[in-house]
Structure formats: structure tokens, C-alpha cells
Amino acid sequence: MNLKLGGNTVTLFERVFGGNDYNYARTVAAIDEAIAAYGESEPVSFPGTAYSLPCYYGVTGVKITTLGEMKAAMDTIKSKMTRNNRLHDAFESGIASALCAEFLEALKYLHGAEPYAEPEMGHLTDAFVRNLGVPLVTGDIPGVAVIIGGAEDPAETVALAKSYQAQGILVTLTGDSIKHCFDAGMKLGENVRVVPLGYEMQSVIHVVSVAVRAALIFGNVTPGDFASLAKYTMDRVKAFVNAYKPLSDEIVSYGAGAICLGFPVISNETENMFRVPKSLIQQLDTSKWNATSLEARDIKLKITNIDIPVAFATAFEGEIIRRGDMQVEVDGSRVDCFELVQTRDASEVEDHKIVVDGPEIDEIPVGSKISLSYTVEVAGKAMQPDFESVMERKFHSYLNCIEGVMHTGQRDMIRIRISKADFEAGFKFRHIGEVLYAKVKSEFEAVVDKCQVTIVVDAEKNKELRAAANAVFNKHDILVVILDNGTTAMTGHQPNPGMLQDILGEEAMHLDIESVVRGLGVTECVKVRSYNLKALHSALEDMRDKKGVRVIIAEEPCVLYARRRLKKAAVQVAYVAEQGADAQRCLEELACPAFYRNGEDVAVDENLCTGCMVCLQVAPKAFKARKRA
Numbered sequence: 006m007n008l009k010l011g012g013n014t015v016t017l018f019e020r021v022f023g024g025n026d027y028n029y030a031r032t033v034a035a036i037d038e039a040i041a042a043y044g045e046s047e048p049v050s051f052p053g054t055a056y057s058l059p060c061y062y063g064v065t066g067v068k069i070t071t072l073g074e075m076k077a078a079m080d081t082i083k084s085k086m087t088r089n090n091r092l093h094d095a096f097e098s099g100i101a102s103a104l105c106a107e108f109l110e111a112l113k114y115l116h117g118a119e120p121y122a123e124p125e126m127g128h129l130t131d132a133f134v135r136n137l138g139v140p141l142v143t144g145d146i147p148g149v150a151v152i153i154g155g156a157e158d159p160a161e162t163v164a165l166a167k168s169y170q171a172q173g174i175l176v177t178l179t180g181d182s183i184k185h186c187f188d189a190g191m192k193l194g195e196n197v198r199v200v201p202l203g204y205e206m207q208s209v210i211h212v213v214s215v216a217v218r219a220a221l222i223f224g225n226v227t228p229g230d231f232a233s234l235a236k237y238t239m240d241r242v243k244a245f246v247n248a249y250k251p252l253s254d255e256i257v258s259y260g261a262g263a264i265c266l267g268f269p270v271i272s273n274e275t276e277n278m279f280r281v282p283k284s285l286i287q288q289l290d291t292s293k294w295n296a297t298s299l300e301a302r303d304i305k306l307k308i309t310n311i312d313i314p315v316a317f318a319t320a321f322e323g324e325i326i327r328r329g330d331m332q333v334e335v336d337g338s339r340v341d342c343f344e345l346v347q348t349r350d351a352s353e354v355e356d357h358k359i360v361v362d363g364p365e366i367d368e369i370p371v372g373s374k375i376s377l378s379y380t381v382e383v384a385g386k387a388m389q390p391d392f393e394s395v396m397e398r399k400f401h402s403y404l405n406c407i408e409g410v411m412h413t414g415q416r417d418m419i420r421i422r423i424s425k426a427d428f429e430a431g432f433k434f435r436h437i438g439e440v441l442y443a444k445v446k447s448e449f450e451a452v453v454d455k456c457q458v459t460i461v462v463d464a465e466k467n468k469e470l471r472a473a474a475n476a477v478f479n480k481h482d483i484l485v486v487i488l489d490n491g492t493t494a495m496t497g498h499q500p501n502p503g504m505l506q507d508i509l510g511e512e513a514m515h516l517d518i519e520s521v522v523r524g525l526g527v528t529e530c531v532k533v534r535s536y537n538l539k540a541l542h543s544a545l546e547d548m549r550d551k552k553g554v555r556v557i558i559a560e561e562p563c564v565l566y567a568r569r570r571l572k573k574a575a576v577q578v579a580y581v582a583e584q585g586a587d588a589q590r591c592l593e594e595l596a597c598p599a600f601y602r603n604g605e606d607v608a609v610d611e612n613l614c615t616g617c618m619v620c621l622q623v624a625p626k627a628f629k630a631r632k633r634a
């Protein structure tokens, strides 16, 4: 693994270890300087986190709260800086560099300082992690791109960042990539999922901190259990690094730490570097970095190409269009507006026909409040009227994925704002139709064979059409499925009328949902266990053939609540009795957090198994139950 250049033998190990030494020395100096100024008892922390210094805490299990504790912790970091010419040692030394970076960044926040200003964001709070962590570990955000430095041509950097953004990938920027994207007028921030960390290379630790806290928060990883931490970040946080040359030894050592956490590094650097399969990838053609990165992390995307002049990605769902930035506004609270799906015979639908009845955006004065409706007509052999309302409720997310478009409400109470930037880019009303067509055909391909969209921009016509649309709405048969886990799940088990215990942990007279539903006049109501797939399927089949309002109540206690408050735990756990296609299918499709890959086999972590036994119902030969140890 030696490269001979100019008569000198240079190794990747030497670059990593050299970066270690540099990072360690300046961290020690920075801590000593801070202690001289404030004393060893000075508190040290990042704002908006309950995890002290998250990376050090996650790796070692030790909390750092003062400058004195930070100085003492440097001995632990030093112990990880081995000098054995083995890849394992080099990567672990990279973790030492990462911890040094965290300490250097934490020192910036001493005494309540606010070291970062727009566009840099620096430390990302626990709220950021919780907002993005769930879609990250569930796959709704398919990956995290860490772009370090920038291309010689700034436009190339911007194109790379936008390509990831369009794929729904969370993009973080460090160094010149921030300047390139900011100068190009690219929208930056959490709400569009392009996050500029900082111009200094050490600021890359802030995205590492997000991954570590995701493992602690969502993966229930015990602080200090580095093996479990690294496994979680590798398996669940699909991050990767794109590093533009030239790379300093400092950056190389950070890259080694990223690799240790399971994040491959893709770079066009060739000086004093060598390839490490699946970990350190040299790709000289930077136009291929997107494809190379997705392949390295085994990220598979279903991309729908939509012919519109602005970007389309889930990253824009949180975008706010202010009144001053608005070209036109559709306001269903003031004028007649609505969205509607109607099932038609195949002969009545011309696939991909998009009609705009009325003026286009460029014919309407800026800032106008207008009447607008869009009707999506679909046809398909498997299409059923019950699916119409499902499609209608998807329109909100479809339109919010358009850069520069904000959609709120539903049905005949919608509000849509189209930005001036979109207007200048050439966005028209017909492009709303292009988005609706593409997404309906893509997401409902099993039931929709043909689709056409009619957009009406005429107040008088929409007044008449709205009345007809409301009649259609009121004729829908409704099957409501209520998922009841007996608690307030995502926000801390606060008491609610449906819980079995009150705030003091005493037995309570809880609200019976079935009684309430029947009290509203619903006669078709059935209660089933959520994990009893046979019963649940039977209930769905039975209710599907009935008319009117039908309700299925799917009950199953929250596992955490049952364990912690009710002191109940499943006596059985699942195990893999037979390896094969069924076990592999459950691993890939059931998405149970207790499942993991052990070599080529599927295994079940007993500590994470809740005892729901859904896997036994899905693949009874592959999985069996036994008493919990």
C-alpha cells in the first residue's frame, strides 16, 4: 500500500496519522488557551442538545460538561491515535480526529457565543435531529450527502448539490461548497434540506453529530458501545462523503473517521492516496459522483422525471413563500377553489392531456388572489372510487415538493402560493398539471392506466364546479381505520383520555373509542388486534364490500409504554428457524428494527424484539418463537 512519488514513499497511513497529530496539537492548544481565559470549571456545551458533547458521549459513554473535563478527555482521544499500519488502526485514528474536531467546535460556543452567521449553521440542535432523524432512519430521506470543498468550476458544485436535493437526499456543505451554492442563489437551510455547516473543515463534525444522536435517540444505542454505534450509522444512516481535491492531511484524517462510521468517501484526489474497496473510492470524473455515491451506499431511488422549469424534491415540502415573494395566490377561503379526483371510463380519458381553461400566470397581475381548480380524471381496470380521496390527499405533498410553490389545506379550502422566482423561471399553471399527472401515474401505477388534468382559472366557472365537487365529496363511502396504541406516542406518553393510567400511574377510566364511534351513529364498527394480520385482513375484506361510514379500530399497546409504565413485556421473542428467501424478504420488507444481517444470514436481536410475532405470521417457516431469556 505504498505509493512512490519523487523518490519518497508516502502512505495513506502517514496522511491519516499526520492529520491526527495536527488536530490533536491544535485542540490541546485551544483548550489550554480557553482554560487560561475562563478556568477549568467553565461550562462547555453545544446549544439545543441534551447530549453534552454528542460524539464524545456516543463513542465513550462519558459526558463532557467543563473545560477541565475536556482537557482530561484528551488522554482518551490520544489512546485512539495508534500508529500501526493497518486500515483498522487508521480508521480508528480518524475517530480521534473527529472527536478533536468536536472539541474545537464546542470551544467556539463558550460563554454563550454565537460563532456562526448566515449562511453557516454550525451545530445542529436536537430538534433538527428529531425533525429529520425519523425520515432519515425510515428511508423517507434516502441518504445524506456530505460535500467537502468545491469544484474548480463553482457551477459543478451547485449541480452536484442540486442533483442530490432533487433525489430527496439531505445535503450538507463544508468549505467552498457553501460559497459556491450561496453565490449561485441556491436556497439553503433546514427547510430545503441543504445545510451549510461551516467554512472550516472541522465543521463537518456537525453532520457526524447528527448521525451519532440518531443512533442514541432512535436506535437506542448505549453511549460508549462504539461497535453498536458504528453498526447503526452504517446500516441506518445512509451517509457518504464527496471530497473535492486537494485534500489536506486534516481532511484525510476526518475521512478516515467517516469510513469508521460506515460512510464511504468518494474523491478525485490522487496525490498520496490509494483505493480502499467500498470505503475510499477514487472517481476522477466528478460528474459520476452522484451515481457512484448511491451505488456505494446501496441507495435505490425511484425517480419520476417531471417536465417543469424548477426543481422538484421532498426537500421543498417545508418551504415558506412570503407575501412579498408571491407572484399569485390561490385562496379557497376567499374565492371558489378546489381539487378533485374523478374515476372515468378509459374511453373518456386521454392520457397525459393537460388543459388550462383561463388565463396563464403571465396574464395575471402580480400579487393577485385568483380562483383556480384542478380536476384529475383517472381510468384503470383496477381503479375504484374509494381510491379517489386517497389521491386527493396526496396533492398537498405533491405540490409542496415543487420549488417555489406552497400548498396548504385540501379539497375546497386550498391555498397555493407561486413565487416570483418560479414565474421568472417560466413556471406556468400547466406545470401543476404536469406534476399531478406524473405523481399520480407513478405512485398509483397499479390502479391508474390513464390520467388527464383540467385546470380552470375562471371565477364564474369554478363557482359552479365547486358546488358539483362538494356533491361528489359527500357521496364518498368512507372506511376509517383508527390505530390505537393506548398512549400519546411520539411526544412523551403525556396523559390522554384513551390511556389506561393517569399522570400518577394509577389505573384510569379510559375512553372507549368504539363507544364514541358508535355514539356518532356509526353502526359498522369492528375492533381487531393490530398484530393479528389474519383478523385485520379479514376485517378489511368484510368492510370493503359495505357502504357508508365504516370504522376499524386496530388496537395494540405501545411497546415502550407497556414496558415502562404498565410493567408488561412479551414473554416470547422470535428467532430465525430457517434461512432462505422468506427470511430475507422479511428483513428487506418488514423493516423490523430487531432484524439484522449476520454475514449472509438473517438474525434477530432479542433485546430489540418486542414479541409482536408479525414475522411468524408473514413467514411461519422462517421464524419461530421461544421464551425470552
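Numbering (the numbering used here), first residue to last: 6 to 634. Backbone N, C-alpha and C fix where the C-beta goes; we use that ideal spot for every residue, glycine too. Source: prediction; values computed, not measured.
For residue 432 and residue 178, the gap between their C-alpha atoms comes out near 28 Å.
Note that the stretch 322-329 does not touch the stretch 253-270; fewer than 3 beta-carbon pairs, one per stretch, sit closer than 8 Å. Bounds of the beta strand (DSSP E) holding residue 456 are 455-461. Within the DSSP secondary-structure output, residue 484 pairs in a beta bridge with 555.
Just so you know, the alpha carbons of residue 540 and residue 586 end up roughly 25 Å apart.
The residue from 35, 577, 231, 314 with its alpha-carbon nearest to that of residue 106 is 35. The beta carbon of residue 423 sits closer than 6 Å to the beta carbons of 332, 333, 410 from its chain, once the five residues preceding and following it are set aside; these are given in chain order. With contacts defined as CB atoms closer than 8 Å, residue 150 and residue 169 qualify as a contacting pair. For residue 602, the enclosing beta strand (DSSP E) starts and ends at 600-603. In this structure, residue 343 and residue 471 form a Cβ contact; the two beta carbons are roughly 5 Å apart against a cut-off of 8 Å. One alpha carbon belongs to residue 402, the other to residue 109, and they sit about 40 Å apart.
In this structure the stretch 242-258 does not lie against the stretch 81-94, because fewer than three pairs of beta carbons, one per stretch, are closer than 8 Å. DSSP places residue 317 within a strand segment (E or B) once states are collapsed to three.
In this structure, DSSP gives residue 535 a state outside helix and strand, which the three-state scheme calls coil. For residue 606, the enclosing beta strand (DSSP E) stretches over residues 606-609. A direct Cα-Cα distance of roughly 14 Å separates residue 53 from residue 70.
Approximately 5 Å separates the beta-carbon atoms of residue 245 and residue 298; this is inside 8 Å, confirming the contact.
Counting along the chain, residue 32 sits inside the alpha helix (DSSP H) bounded by residues 17-43. Boundaries for residue 376: no beta strand (DSSP E) harbours it, and the DSSP string shows neither H nor E there.
Straight-line spacing of the CA atoms in residue 488 and residue 139 works out to 19 Å. The Cβ neighbour count for residue 627, taken over all protein chains shown within 10 Å, is at least 16; the residue is labelled buried.
Secondary structure at residue 289: coil, using DSSP grouped into helix, strand and coil. Residue 145 sits in coil when the DSSP states are folded into three classes, being neither helix nor strand.
Inclusion of residue 382 and residue 457 in the CB contact set at 8 Å is warranted, their separation being smaller than that value.
Residue 188 counts as exposed, since fewer than 16 other C-beta atoms from the protein chains shown sit within 10 angstroms of its C-beta. In this structure, 633 is the residue among 624, 593, 622, 633 with its C-alpha nearest to the C-alpha of residue 610. Taking the CA atoms as reference points, residue 112 sits about 10 Å from residue 48. A direct Cα-to-Cα measurement between residue 448 and residue 18 gives close to 48 Å.
In the three-state reduction of the DSSP assignment, residue 201 falls in the strand class. The C-beta distance from residue 206 to residue 166 rounds to 18 Å, too long to fall under 8 Å, and the pair is not in contact. In this structure, residue 200 keeps its C-beta atom at 8 Å or more from the C-beta atom of residue 185. Just so you know, the alpha carbons of residue 359 and residue 292 end up roughly 34 Å apart.
Taken atom to atom, the span from the alpha-carbon of residue 16 to that of residue 622 is near 54 Å. Within 10 angstroms of the beta-carbon of residue 390 lie fewer than 16 other beta-carbons, which makes it exposed.
Nearest to residue 545 by C-alpha distance, out of 22, 604, 220, 485, is 485.
The three-state reading of DSSP puts residue 332 in strand, counting E and B together.
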